[in-house]
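Remarks on the structure that follows.
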Amino acid sequence: MPESAENMPTPPAPETRNPGEPFEVAVLALQNLTVFPETVVPLGIGRPRSLAAVEAALATPEKLLACITVRPDRSDDTDAKRDDLYEVGTLVMIKRMDRTENGMRIIVQGTERVRVRQWKQEDPYLRAEMEILPEPNVVDSEHVEATKRNLQQMITEALALLPNVPPEVRIAVLGQVDAVRLSYFLASILNLGVEEEQKMLEANTADELVRAAHTSLTREVEILQLRSKIASEAQVEMDKAQRDYVLRQQMRAIQKELGEDETGEAAETELLRERLEKAELPDEVRTEADRELRRLQRLPPAAPDYHVIRTYLEFILELPWLKSSEDKLELAEARRILDEDHYGLEDVKERILEFLAVIKLRPDTKSPILLFVGPPGVGKTSLGRSIARALGRQFERMSLGGVRDEAELRGHRRTYIGAMPGRIVQSIRRAGVNNPVLMLDEIDKLGNDYRGDPAAALLEILDPQQNNSFRDHYLDLPFDLSKVFFIATANQLGPIPAPLRDRMEIIALAGYSDREKLEIAKRYLVPRQVTENGLNNAQLKIADDTIELIASRYTREAGVRQLERNIGSIARKVALKIAQAESESVTVTAADVREYLGPPRFYPEQARKELHAGVATGMAWTEMGGEVLFIEATLLPGGHGLTITGQLGEVMQESARAAQSYLWSHAAEFGIDPAIFKDFGVHLHVPAGAIPKDGPSAGVTITSALASLYTGRRVRPDTAMTGEITLSGLVFPIGGVKEKVLAAHRAGIRRIILPSRNEADVDEIPEDVKKELQIVFVSGIAEVIDAALEVLVANPPPSPALLDSARAHRPDPEPQPLTVKG
Ligand SMILES: Nc1ncnc2c1ncn2[C@@H]1O[C@H](COP(=O)(O)OP(=O)(O)OP(=O)(O)O)[C@@H](O)[C@H]1O
Ligand SMILES: [Mg+2]
0 MPESAENMPT
10 PPAPETRNPG
20 EPFEVAVLAL
30 QNLTVFPETV
40 VPLGIGRPRS
50 LAAVEAALAT
60 PEKLLACITV
70 RPDRSDDTDA
80 KRDDLYEVGT
90 LVMIKRMDRT
100 ENGMRIIVQG
110 TERVRVRQWK
120 QEDPYLRAEM
130 EILPEPNVVD
140 SEHVEATKRN
150 LQQMITEALA
160 LLPNVPPEVR
170 IAVLGQVDAV
180 RLSYFLASIL
190 NLGVEEEQKM
200 LEANTADELV
210 RAAHTSLTRE
220 VEILQLRSKI
230 ASEAQVEMDK
240 AQRDYVLRQQ
250 MRAIQKELGE
260 DETGEAAETE
270 LLRERLEKAE
280 LPDEVRTEAD
290 RELRRLQRLP
300 PAAPDYHVIR
310 TYLEFILELP
320 WLKSSEDKLE
330 LAEARRILDE
340 DHYGLEDVKE
350 RILEFLAVIK
360 LRPDTKSPIL
370 LFVGPPGVGK
380 TSLGRSIARA
390 LGRQFERMSL
400 GGVRDEAELR
410 GHRRTYIGAM
420 PGRIVQSIRR
430 AGVNNPVLML
440 DEIDKLGNDY
450 RGDPAAALLE
460 ILDPQQNNSF
470 RDHYLDLPFD
480 LSKVFFIATA
490 NQLGPIPAPL
500 RDRMEIIALA
510 GYSDREKLEI
520 AKRYLVPRQV
530 TENGLNNAQL
540 KIADDTIELI
550 ASRYTREAGV
560 RQLERNIGSI
570 ARKVALKIAQ
580 AESESVTVTA
590 ADVREYLGPP
600 RFYPEQARKE
610 LHAGVATGMA
620 WTEMGGEVLF
630 IEATLLPGGH
640 GLTITGQLGE
650 VMQESARAAQ
660 SYLWSHAAEF
670 GIDPAIFKDF
680 GVHLHVPAGA
690 IPKDGPSAGV
700 TITSALASLY
710 TGRRVRPDTA
720 MTGEITLSGL
730 VFPIGGVKEK
740 VLAAHRAGIR
750 RIILPSRNEA
760 DVDEIPEDVK
770 KELQIVFVSG
780 IAEVIDAALE
790 VLVANPPPSP
800 ALLDSARAHR
810 PDPEPQPLTV
820 KG
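Each step along the sequence shown adds one to the number in numbering that gives the first Met the number 0, with nothing skipped, and position 731 is 730.
Laid out in structure tokens, this is it:
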């Protein structure tokens, strides 16, 4: 610190600085530059006198410094002396100082204008007695205001010609209401030359100042316009790359001038280059990455493309192009893991192990694509996880539910703003290896619309011939998906496009019997909920009959998800009791369930003790598993045709008509008076009318209900049935046997009528259920009627006399076509 600084009065604080009052301050000589009040300017300091002046200023509490410009005719490269300087300058406050290799870099903010009264010293730095100059005063306010508006108008024009001006500048300029400040600001950003700038700084009235600003700006705008005209003409000839290069060079220069550090950017691209060098990449990827890196190095960080390319390169770096995890496949161990994670599902586990065995024997073959189909909560997703664990592979899951756009799977091209990689490669990146188990959940819920069909993209992804060079739009490079072990899940096969289905090995999970649910709950769900809720096995016990009650009355599902949720709510309530020290341990019995879960939510259809003539018990398959349903038919004396209610779909309505026609044409064979078809209408109804039902498998049940109605023989109440019928009286096989039979068993049915051609499906039914059931296989309607109806006529059909009276009531004696009401 210079010694002379110690005994001189420091400049007064801002609030006590008055125009005209003298004070002493260090002076910084500026070359080719004028600082104006209210403006912020970065300055590079290198000359000895300047450095000393800044040091002196920094040593004062106010950190004030006077910036005075060197007269243009005096300026050369030597350190400026007092005679070289103008007399009017700007008092500035040093806001920031950074030391650099060859001096320092400061950022100053102009405060007031000052005039030199008397030079005090020249060495080691310039120092002078100064006085504050008053702010330029407004003489003719209308003139000033008009000129100011004019200025703003011109600025708008100028900005239109300068597309690269940052929006902040635009806002700052156009939002400025003060004519003086606006003029100073303009003077500081326009390159006016020292003399003109000094003239503006010295202007003592606002009128003079805005006029000067106006003149300069007018000239600048004219130059800009001219330049833009020349540029647009030249542009046609100038090759784009060359133009970009020139612009970038200019930008560099400006950045340097502004003191924006370039080292950060350089270091960043350098780092990327090093990472790319070390990364294991296929040749094609490396070539492309290097090309992009070279583009990046030429770009300034402010360019919009800079960020895009950087993100792209980072994504490339994160992708496991060549990185695989090693399979640790021991079949015995795999079986142990599958058994550890899941109860039952023997045949499913068996098939999974078969596939794993193939992978083990021939590691180079393509992995099979598995498709787990079944109702919710039967363990499809969690089996996928187990397979990954058994193989020692990473597991990633993506839900396809509601994916309607191909781009979601395959990404957007990088030319789009905000483009992103597709979900497939994103999952691979998350997995961190190129051979994860990738679960495509809910493949049956895939949508498609005008944006492109995601199923088509999936076809390619799942095609072993093509997926070794899968092209994500964003990456635009081939990625090898052939090592991925794909597992898809679905609730239904129907909505999955056939070509997609053909690529996959279908494994069906039908749902669990009550016994299986109990076992799963005891072994997995209760222990899991106990730990999840911070309890231990001693603190919560749930009795077996309690679990059964929850499964039957609080849930209606083929899987165990609701069951687990209900057990979870019990566990939470018990945890609360224990936390509040109300009890130390709780055993939940069937009698307590209501207290924990409220009143039962479901009263599932139970086998009825007795059925009226015209009512038959059927079995239906729903997405939730199986269900029993009752089909009811009644005669309408004096009516005609077939009235159908209960929201039956078209296929079921057709079954009903076929059943009626068959019985009509074989009336004699079944002992039915044919007159009944002409004289009575039939109303067919399936309760639970709010739920739409469809499918051909109700044919057998409808036939039984109608046969019962027409013969008066009742359907056996212990018997449930399913099967499709044809007009010629054949019974065709149906799907979902296991779910249907389990549901019927749950409902208390002990006798089942099934199509003969479904005999093989019976193997899937758990032994404990099967041994409590009698199963009758049928292949024609006559057999159905024999098996379903009681022999005794309980409720004789209408007598001929009644038929006569019914006939008398009918307005139209001709047989009517069947009418169907929905
Ligand atoms: N056999 C089983 N043994 C043990 N736990 C099971 C079994 N089946 C299902 N679970 C458990 O039930 C829960 C639901 O299973 P998961 O989420 O796999 O169902 P999901 O079939 O994928 O259903 P969704 O079709 O709704 O996706 C899981 O916590 C799972 O561990
Ligand atoms: Mg699932």
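Even for Gly, the Cβ is constructed at its ideal location relative to N, Cα and C.
Asked: I need the DSSP call for G102, collapsed to helix, strand or coil.; Found: strand
Asked: Do D443 and M397 have their C-beta atoms within less than 8 Å of each other?; Found: no
Asked: What residues sit near ligand 2, counting only those whose C-beta is closer than 6 Å to one of its heavy atoms, in chain order?; Found: K379, T380, D440 and T488
Asked: Please indicate yes or no: does the CB of I106 lie closer than 7 Å to some heavy atom of ligand 1?; Found: no
Asked: List the endpoints of the continuous beta strand (DSSP E) containing V39.; Found: V39 to I44
Asked: Leaving out five residues before and five after Q659 in sequence, what residues of the same chain have Cβ atoms less than 8 Å from its Cβ?; Found: L641, F676, V681, L705 and L817
Asked: Contact between the stretch 559 to 573 and the stretch 537 to 547 is defined here as three or more beta-carbon pairs at a separation below 8 Å; is this criterion met?; Found: yes
Asked: Looking at the unbroken beta strand (DSSP E) that takes in E130, where does it start and where does it end?; Found: R126 to I131
Asked: Using three-state DSSP, classify Q175 as helix, strand or coil.; Found: coil
Asked: Is L499 close to chain C? Criterion is C-beta to C-beta, closer than 8 Å.; Found: Annotation note: the requested chain C is absent from the structure, which comprises a single protein chain.
Asked: Identify the residues that DSSP records as bridge partners of M92: which are they?; Found: L63 and Q108
Asked: At the level of alpha carbons, what is the spacing between Q528 and A520?; Found: 10 Å
Asked: Beta carbon of I519: closer than 7 Å to some heavy atom of ligand 1?; Found: yes
Asked: Less than 8 Å between the CB atoms is what I'm expecting for T616 and A719, so what's the real figure, rounded?; Found: 4 Å
Asked: Taking the alpha helix (DSSP H) that Q579 belongs to, which residues open and close that run?; Found: Where Q579 is concerned, there is no enclosing alpha helix (DSSP H), given that its DSSP letter is neither H nor E.
Asked: Tell me, to the nearest whole angstrom, how far the beta carbon of P374 is from that of L408; I am working on the premise that it is less than 8 Å.; Found: About 26 Å; that fails the 8 Å criterion.
Asked: R350 to A356, Cα distance in whole Å?; Found: 10 Å
Asked: Cβ-heavy atom distance between V377 and ligand 1 below 7 Å?; Found: yes
Asked: For L35, which three-state DSSP category applies?; Found: Checking the sequence shown, residue 35 turns out to be Phe, not Leu. F35: coil per DSSP, three-state reduction.
Asked: By the three-class DSSP mapping on this structure, what secondary structure does K80 have?; Found: coil
Asked: Tell me whether R116 sits in a helix, a strand or coil according to DSSP, three-state version.; Found: strand
Asked: Which class does L683 belong to by DSSP, given the choice of helix, strand or coil?; Found: strand
Asked: For G45, collect the residues of the same chain with a Cβ closer than 6 Å to its Cβ; drop the 5 residues on either side in sequence, then sort them by chain order.; Found: N101 and G102
Asked: Between the Cα of M199 and those of V179, T702 and R218, spot the shortest distance and give me the residue it belongs to.; Found: V179
Asked: Taking 7 Å as the cut-off, is the CB of N490 close to at least one heavy atom of ligand 1?; Found: yes
Asked: Could you tell me whether the Cβ atoms of I733 and L683 are closer together than 8 Å?; Found: no
Asked: Suppose you measure from the CA of I780 to the CA of K327; what does that come to, to the nearest Å?; Found: 55 Å
Asked: Counting C-beta neighbours from all protein chains within 10 Å, is the total for N17 16 or more, i.e. buried, or is it exposed?; Found: exposed
Asked: Alpha carbons only, please: which of A578, P599, L534 and V585 is nearest the one belonging to L562?; Found: P599
Asked: Exposed or buried, what is I879 when buried is set at 16 or more other beta-carbons lying within 10 Å of its beta-carbon?; Found: Nothing can be reported for residue 879: it is not among the residues displayed for the chain, which extend from 0 to 821.
Asked: Is the beta carbon of L461 sitting closer than 8 Å to the one on R502?; Found: yes
Asked: Jot down the residue ranges of each uninterrupted beta strand (DSSP E) in the stretch 708 to 771, minimum 3 residues, whole runs only, in chain order.; Found: 712 to 714, 718 to 720 and 750 to 754
Asked: How many angstroms separate the CA atom of K820 from the CA atom of E738?; Found: Residue placement at K820 is poorly supported in this model, since its pLDDT is 43, which falls under 50; the coordinates still yield a value, given next. Straight-line Cα distance between these residues: approximately 30 Å.
Asked: To which residues of the same chain is N532 closer than 6 Å at the C-beta, ignoring the five residues directly before and after it?; Found: A570, R571 and A574
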